[in-house]
Amino acid sequence: MKAQRDVWGDTVAEIGLTDPSIVLVDGDLANSTKADRFAREFPDRFIEVGIAEQNMVGIAFGLSTLGYRPWLSTFAVFLTHRALDPIRMLVSQTGANVRLAGAYSGLLNGSSGKTHQDVEDLAIMRAMPNMTVLAPADEVEAAAVTRWASDHEGPVYVRIARDAVRQVLPHDYTFRLGEAVTLRADGDIVLVSTGVQSSRVVEAADLLAAAGIRARVVHLPTIKPLNEASLLDSLKGASLLITVEEHTVIGGLGGAVCEVLGNYPTSPRVVRLGLDDQWSESGPDDFLLDKYGLSAQRVAEQVRSAVTTHEAAIASSGAATREEGIR
Amino acid sequence: MKAQRDVWGDTVAEIGLTDPSIVLVDGDLANSTKADRFAREFPDRFIEVGIAEQNMVGIAFGLSTLGYRPWLSTFAVFLTHRALDPIRMLVSQTGANVRLAGAYSGLLNGSSGKTHQDVEDLAIMRAMPNMTVLAPADEVEAAAVTRWASDHEGPVYVRIARDAVRQVLPHDYTFRLGEAVTLRADGDIVLVSTGVQSSRVVEAADLLAAAGIRARVVHLPTIKPLNEASLLDSLKGASLLITVEEHTVIGGLGGAVCEVLGNYPTSPRVVRLGLDDQWSESGPDDFLLDKYGLSAQRVAEQVRSAVTTHEAAIASSGAATREEGIR
Amino acid sequence: MDIDVSLSDPPSDARASGAAGVDLHRIARHVRWHILNTVAQSKAGHIGGPLSMADLVVALYFRELNIDPHRPDAPGRDRFVLSKGHSAIGLYSVLALRGYFPVAELATFDHGDSRLQGHPDMRLTPGIDVSTGSLGQGLSAAVGIALGARMAGQAFRTWVMLGDGELQEGMVWEAVNSASRFELSSLTAIVDVNGLQQFGWPAVDGRDRFDRSEPWAHVDLAAIFRGYGWNVIEIDGHDFAAIFAAFDEAGENARATTRPTVILAGTIKGQGISFTRGTYTWHNGVASEEQLATARAELMIEGETDESAA
Amino acid sequence: MDIDVSLSDPPSDARASGAAGVDLHRIARHVRWHILNTVAQSKAGHIGGPLSMADLVVALYFRELNIDPHRPDAPGRDRFVLSKGHSAIGLYSVLALRGYFPVAELATFDHGDSRLQGHPDMRLTPGIDVSTGSLGQGLSAAVGIALGARMAGQAFRTWVMLGDGELQEGMVWEAVNSASRFELSSLTAIVDVNGLQQFGWPAVDGRDRFDRSEPWAHVDLAAIFRGYGWNVIEIDGHDFAAIFAAFDEAGENARATTRPTVILAGTIKGQGISFTRGTYTWHNGVASEEQLATARAELMIEGETDESAA
Ligand SMILES: Cc1ncc(C[n+]2csc(CCOP(=O)(O)OP(=O)(O)O)c2C)c(N)n1
Ligand SMILES: Cc1ncc(C[n+]2csc(CCOP(=O)(O)OP(=O)(O)O)c2C)c(N)n1
Ligand SMILES: [Mg+2]
Ligand SMILES: [Mg+2]
């Protein structure tokens with residue numbers, strides 16, 4: 001198991017060997033984000049801006065106008081919140097060739113707590129025109145996405161996790177922009193997830209299988225642009241859809257899925273799991289995942305109770321779709 | 001017809017007369033946002049911070065810890081983007097008593113163009129825990145919401161429009177947090193809108209009525225917290241639901257509605273109208289509304305074509321719900 | 001469209017009329033006219049800031065910058081970032097007179113489907129190097145450009161125009177710090193110190209009498225820039241001789257020092273037209289027919305054509 | 001829990017042992033021990049920054065601030081904002097020894113469901129006036145507090161502790177500008193100038209040898225603050241006599257001038273423990289059992305109890 005930040009740091013350093021246009025812009029966190037590997041290899045292409053995230057974006061933009069292809073790296077929350085206005089005007093509105101690596105995304109940041117957690121990045125970056133938004137599942141996909149983004153023309157935001165998760169993708173995995181990736185094919189209860197949470201959702205599916213509930217697992221590494229056809233295809237035959245994300249339940253993966261399905265009135269019910277519109281706290285990873293409902297165990301529990309509610313509703317209405325609702 | 005910014009400026013100045021805890025923090029735009037009225041009346045409670053939006057938020061927060069109830073005012077985009085990190089940490093995470101008035105929201109900002117347009121504020125602010133997000137329809141509701149927010153304990157974001165729209169609410173209107181407001185009761189095609197766009201949607205409904213299409217209009221002044229029961233109630237009997245917002249179609253009103261309806265598999269199809277995930281430009285109001293599909297005329301057109309598509313689908317499937325989809 | 005100028009005003013100093021026979025005073029008058037007139041026709045736009053920086057931008061584009069209007073994307077060109085993007089119409093007027101696009105196109109300013117957006121858009125307008133409009137971001141972009149130029153072994157210089165109100169934006173100081181840390185002597189910032197911003201602080205006792213105090217009255221800007229390790233030059237931003245002396249010094253600094261240079265240019269907001277001069281109330285505004293007539297007379301536009309201005 | 005101290009170290013200067021018979025040196029030793037030990041037990045947290053500011057925070061809470069640990073919300077109390085919020089454990093240790101909450105509670109630092117969050121949370125911890133953690137925001141909050149105090153006719157003073165790396169954040173300079181514009185002499189900022197941040201710039205040639213250069217080497221911080229109209233005091237931040245002299249001067253400034261005061265306190269990152277001292281690699285870190293033993297010995301904790309420290 002290798003943490004995504006390690007993979008990102010190694011991969012960017014590796015790409016730097018062959019692509020001299022790659023430069024790295026740091027916000028005084030290179031030893032946390034693992035940008036320090038690039039710094040050691042390519043001191044002349046490593047730009048330490050210090051604790052000034054807005055300025056980082058401006059400098060990266062400026063470099064991009066000369067043909068450089070900058071990666072920016074700092075904690076996700078300081079990109080998506082502290083530097084949002086420069087990202088909007090200088091990167092998104094101009095379509096600049098800037099890659100944003102949001103490190104320490106989600107809940108798990110080494111006990112730093114809510115001031116350092118980014119549980120809104122997907123909602124914020126997804127709303128921005130011209131922005132590609134990626135959230136890899138594990139070490140394999142983190143490497144693939146880092147390579148893909150390095151080659152891509154235009155703004156990209158990549159959600160990078162601090163701590164390692166169980167690998168769920170094969171070593172020869174190929175990342176395809178927008179495509180849904182089915183990690184467990186079984187079942188008409190479909191769990192849709194993104195980022196490293198997908199790894200925990202696969203574990204949850206295993207727990208559910210042990211309890212006799214078959215659940216499909218669909219992983220969406222691309223939050224934007226979504227390939228609707230691919231998503232719909234992966235959801236075929238679903239009777240209940242449960243989105244799970246290490247992110248607020250508002251406006252992120254769950255929101256994106258609901259927006260797509262809104263077009264299809266007979267689509268399955270969607271239950272959204274994630275941070276329940278609340279701030280969290282400091283604490284060890286296991287504690288946080290457990291308390292905020294994102295551990296494999298807790299996801300499995302919540303799926304079980306959603307299934308029970310769903311089946312009761314179907315039984316009482318005698319129909320495949322629920323009676324209650326807005327009709 | 002009175003512009004919302006005028007109403008906001010007058011109302012805050014009026015409240016200042018009786019409530020000495022109200023202070024106003026400006027970002028060098030008081031003569032645009034109409035905070036200058038308060039400045040003239042209460043120079044000792046008017047705090048000019050200058051062009052420093054992050055600092056505005058920090059200062060307002062500091063004042064709130066002493067029992068003051070600050071209103072902040074600048075262009076919406078410089079609150080929701082430039083000052084997002086202080087809003088997150090100092091206002092949202094602490095639940096501080098701070099009121100954010102986002103002026104010149106949406107597309108229409110006196111030809112300033114995309115660098116000054118805020119078409120993501122609802123998506124961004126809605127994702128933030130503890131944040132109340134309001135978007136009044138007209139001058140009457142702008143006054144009501146300004147009063148409500150002035151009394152409210154905790155963080156509030158209010159979307160304020162620069163230019164006047166046709167009044168759609170009665171003078172004795174009472175704002176109730178979270179509640180859906182039905183502006184046209186007729187029809188099973190339901191247009192759901194928010195902010196000043198609701199006024200243009202009422203006009204669109206009139207145009208549609210003239211063309212023989214009855215459309216209900218539901219206005220949601222509260223983007224967060226949504227009162228689900230009230231929303232569902234207002235949507236009863238809907239066969240097709242069309243959300244319309246002067247905002248990106250991603251993550252805002254349309255997103256919120258889709259998230260709620262996701263729970264109800266037999267709910268109507270939702271078509272989302274608004275800025276189509278693109279940046280806009282400078283231009284006169286009418287030009288922009290027309291080009292970007294938000295004028296009454298253009299909304300009516302799009303509704304008509306959505307209805308045609310919808311009816312064709314029903315006819316060909318012979319069912320009340322569409323065949324195509326993910327089943 | 002080449003520069004083709006008939007000299008009608010006597011130049012007040014040698015540099016203001018140079019090799020190409022261009023009379024900068026005259027060009028600046030025409031620029032000022034286009035600012036007021038274009039905004040009046042478009043019924044929206046800024047006036048005071050474009051007018052205060054006009055002489056500086058004319059001096060840059062007609063004498064100082066290494067640019068070619070026919071090759072606006074030439075890799076080796078000097079870069080100019082209008083960080084105070086709300087003054088776009090001032091820059092557009094200079095670019096048009098300099099030949100980047102037809103003067104007639106100014107009439108499309110702020111219209112729909114126009115290349116001349118309310119704030120500068122580098123993807124639309126020939127000659128615009130960086131998109132701006134949200135204040136405080138241009139210097140960071142310029143730092144990135146100047147740094148990239150050095151990394152790429154390019155010799156061009158990078159110029160930025162900032163507003164004095166804009167300096168309140170913290171991001172500017174992040175960039176000021178980086179510029180000297182990275183020893184970017186090829187970077188020259190000009191601050192249009194016109195002593196006013198959009199609303200600002202009342203002059204005396206909190207009552208608004210349409211007078212306003214210097215936004216930086218309590219602050220010693222030169223000392224701050226020096227503290228950050230910058231070269232500082234203070235001049236009258238309406239005096240071409242002083243402007244060119246400052247440009248020369250900045251050029252010398254670029255060659256001979258490791259420090260970026262800031263030119264603190266004292267200007268008057270709304271300069272050049274009697275009713276817009278020295279007041280924050282003309283930060284933006286739409287002139288009436290009568291006011292346009294007054295301005296035309298004051299700027300001595302009558303009988304001159306744009307073609308003859310540049 | 002009242003302050004009850006047995007004097008065991010000879011005080012090195014008069015002020016370090018005052019009316020209450022408190023030995024600040026000894027308290028500071030215990031604070032340092034709690035910083036290292038608590039983080040080691042919690043397996044996460046910052047070390048270098050908490051250690052460098054320790055003497056200053058001890059001096060504030062045990063001598064300078066007008067506070068009462070039993071009434072952490074008293075309206076007239078002096079306010080303290082730890083803008084460099086990552087140094088929370090340093091402040092928590094001082095607050096515990098000062099009697100705001102039991103010393104034993106330090107063991108809950110960074111645990112789930114704890115009042116002692118990784119970064120200070122004003123809604124959870126008694127004695128925390130402002131939530132911080134995202135760098136650069138504390139001074140703005142303090143400006144708002146000091147301004148509000150003046151508006152409300154309250155006489156208390158407002159103190160802020162900033163990191164030297166933190167000063168790179170532009171929002172700090174927005175607030176610096178406001179503080180002097182609003183003539184907030186009741187505001188005192190302390191900068192913990194420990195010459196290091198988390199990663200920073202390599203000392204010599206771009207190769208990383210775990211040495212780092214002064215983040216502000218190219219900058220004259222005192223000149224900048226003076227340029228903004230602040231009173232500036234420069235001291236050794238580990239010398240209690242110098243610290244109290246600076247506090248006295250800041251108090252005098254609060255009464256006699258209209259300018260805010262900044263104390264640029266020269267410190268050493270990781271000060272007080274041999275292996276954490278002077279290196280950026282202990283910005284954060286978890287000490288081994290062996291390292292803890294070394295520190296215990298160096299800090300002379302053996303045989304002393306916390307209860308006897310404060
Ligand atoms: C971040 C940001 N905040 C606010 C504004 C709105 N605004 C446009 S111009 C202006 C005043 C600028 O003053 P100054 O920089 O002194 O420019 P000048 O006097 O040259 O017009 C303001 C507040 C903006 N464009 N960007
Ligand atoms: C806005 C923001 N950016 C980055 C960080 C991550 N971070 C925490 S501490 C630190 C270094 C701080 O250096 P300094 O201010 O000098 O503190 P000290 O040396 O006293 O620890 C960084 C970059 C942060 N907390 N907030
Ligand atoms: Mg100005
Ligand atoms: Mg430091």
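Chains A, B, C and D are the protein sequences, given in the same order. Reminder that position 79 of the first sequence reads as 79 in the working numbering, one-by-one numbering, no gaps. Reminder that position 28 of the second sequence reads as 28 in the working numbering, one-by-one numbering, no gaps. Reminder that position 220 of the third sequence reads as 220 in the working numbering, one-by-one numbering, no gaps. Reminder that position 165 of the fourth sequence reads as 165 in the working numbering, one-by-one numbering, no gaps. For every residue, glycine included, the Cβ atom is placed at its ideal position computed from N, Cα and C. Being a predicted model, the structure only gives us computed values, none of them experimental.
Best match in the options for proximity to residue i [C-alpha to C-alpha]
i, options, result
"lysine 43 of chain D", "A:Leu177, A:Pro284, A:Val196", "A:Pro284"
"arginine 88 of chain B", "A:Thr115, A:Thr194, A:Ser282", "A:Thr115"
"tyrosine 104 of chain B", "B:Gly212, B:His247, B:Gly293", "B:His247"
"alanine 210 of chain B", "B:Glu301, B:Ala256, B:Leu241", "B:Glu301"
"leucine 264 of chain D", "D:Thr257, D:Thr305, D:Glu249", "D:Glu249"
"glycine 118 of chain D", "D:Glu64, D:Gly99, D:Thr38, D:Gln137", "D:Thr38"
"glutamate 252 of chain D", "D:Arg157, D:Trp216, D:Ala175", "D:Arg157"
"glycine 285 of chain C", "C:Gly237, C:Ala107, C:Pro50", "C:Pro50"
"aspartate 118 of chain B", "B:Pro265, B:Glu281, B:Asp172", "B:Glu281"
Chain D contact for residue i (CB, 8 Å cutoff)
i, result
"serine 87 of chain C", "no"
"valine 143 of chain C", "no"
"glycine 16 of chain B", "no"
CB contact below 8 Å: residue i versus chain A
i, result
"asparagine 55 of chain B", "no"
"serine 267 of chain B", "yes"
"alanine 41 of chain D", "Checking the displayed sequence, the identity of residue 41 of chain D turns out to be glutamine instead of alanine. With 8 Å as the cut-off, glutamine 41 of chain D does not count as an interface residue toward chain A."
Contacts of residue i in chain B (Cβ-Cβ under 8 Å)
i, result
"glutamate 179 of chain A", "Neighbours of glutamate 179 of chain A on chain B: none; closest Cβ ~16 Å, over 8 Å."
Any C-beta of chain B under 8 Å from that of residue i
i, result
"serine 316 of chain D", "Any answer about residue 316 of chain D is impossible in this case: the structure gives chain D only from 1 up to 310."
"phenylalanine 101 of chain C", "no"
"aspartate 19 of chain A", "no"
Under 9 Å by beta carbon: chain A residues contacting residue i
i, result
"glycine 76 of chain C", "Simply none; closest approach about 11 Å."
"histidine 111 of chain D", "Ser111, Ser282, Gly283, Pro284, Phe287"
Residue i CB to nearest heavy atom of ligand 3 below 7 Å
i, result
"asparagine 177 of chain D", "no"
"glycine 270 of chain C", "no"
Residue i beta carbon near ligand 4 (any heavy atom closer than 7 Å)
i, result
"glutamine 197 of chain D", "yes"
Contact test: residue i Cβ vs ligand 2 heavy atom, cutoff 7 Å
i, result
"leucine 82 of chain D", "no"
"leucine 253 of chain A", "no"
"aspartate 192 of chain D", "yes"
Partner residues on chain A for residue i, Cβ-Cβ distance less than 7 Å
i, result
"glycine 90 of chain D", "In chain order: nothing, as chain A lies at least about 16 Å away."
Any non-hydrogen atom of ligand 1 within 7 Å of residue i CB
i, result
"isoleucine 51 of chain B", "yes"
"lysine 34 of chain B", "no"
Chain C within 8 Å of residue i, Cβ atoms only
i, result
"phenylalanine 38 of chain B", "no"
"leucine 84 of chain B", "no"
"lysine 291 of chain B", "yes"
Residues near residue i in its chain [Cβ-Cβ closer than 6 Å; skip 5 each side]
i, result
"glycine 339 of chain B", "Lying outside 1 to 327, the shown extent of chain B, residue 339 of chain B is not represented and no answer is given."
Same chain only: Cβ atoms within 8 Å of residue i, ignoring 5 sequence neighbours per side
i, result
"leucine 299 of chain C", "Arg29, His30, Arg32, Trp33, Gly272, Ile273"
"glycine 67 of chain B", "Ser21"
"arginine 226 of chain C", "Val232"
"aspartate 277 of chain A", "Thr248, Val249, Ile250"
Proximal chain C residues relative to residue i, where beta-carbon distance stays under 7 Å
i, result
"threonine 74 of chain A", "What threonine 74 of chain A touches in chain C: nothing, since even the nearest Cβ is about 13 Å away."
"isoleucine 224 of chain D", "Ile224, Gly227, Tyr228"
Cβ-based neighbour list, residue i, same chain, cut-off 7 Å, excluding 5 preceding and 5 following
i, result
"threonine 257 of chain D", "Ser185, Asn231"
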